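A quick write-up on the structure given underneath.
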Amino acid sequence: MIGGLEGPMGSLGFSEIAFIVIVALLLFGPKKLPEIGRTLGRGMAEFRRATDELKRSINTELALDESPVPPVLRTRRIEDPVEPPAMAPFPGEAPQLTEPRTIASFPAPAEPVAEPVQPVAADAPEPVAVPAPDHLPEPPR
296 MIGGLEGPMG SLGFSEIAFI VIVALLLFGP KKLPEIGRTL GRGMAEFRRA TDELKRSINT
356 ELALDESPVP PVLRTRRIED PVEPPAMAPF PGEAPQLTEP RTIASFPAPA EPVAEPVQPV
416 AADAPEPVAV PAPDHLPEPP R
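In the numbering used here, the protein residues as written are 296 to 436.
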């Protein structure tokens, strides 16, 4: 096969390509045909360049997304001993508990504690009974 062009109906053979060239020669003439061929060639080359550049940029973006994870900072292993920070002593002596504390051992409050107040409901009117209707209309069918 000379043309090598594949389409939805199959490939273009020598006779189809020759027919297209003869029709183009008759329509545009021998002087315009080379100029049209060069213009089509430049257009095809520019189209290929644009598609190649687009493919390259897409592949570059995909490669950036797949970049390796940055190295993790060194963390302590479980086996590494960790010394607790030194605590500054509190002023005064810490009380030593010799027996468990109970409620009676806590100091009494300085002021008496007030009794909790129950909320008072506002005076609401009595609910009024509404009589039921004698008969209900039939639902539509």
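For every residue, glycine included, the Cβ atom is placed at its ideal position computed from N, Cα and C.
Nothing here was measured: the structure is a model prediction, and the numbers come from that model.
Quick one: measure Cβ to Cβ for residue i and residue j, integer angstroms, because I've assumed they're closer than 8 Å.
| i | j | result |
| --- | --- | --- |
| PHE323 | ILE331 | 6 Å |
Measuring CB to CB, does residue i end up less than 8 Å from residue j?
| i | j | result |
| --- | --- | --- |
| LEU328 | LEU335 | no |
Take residue i and list the residues in its own chain whose beta-carbon comes closer than 8 Å to its own, dropping the five residues that flank it on each side.
| i | result |
| --- | --- |
| HIS430 | none |
| GLY338 | none |
In its own chain, which residues sit with a C-beta less than 7 Å from the C-beta of residue i, not counting the 5 before and 5 after it?
| i | result |
| --- | --- |
| VAL423 | none |
| LEU357 | none |
Step through the CB atoms of chain C and report whether any lies within less than 8 Å of the CB of residue i.
| i | result |
| --- | --- |
| ILE353 | Among the chains in the structure shown there is no chain C, since it carries only a single protein chain. |
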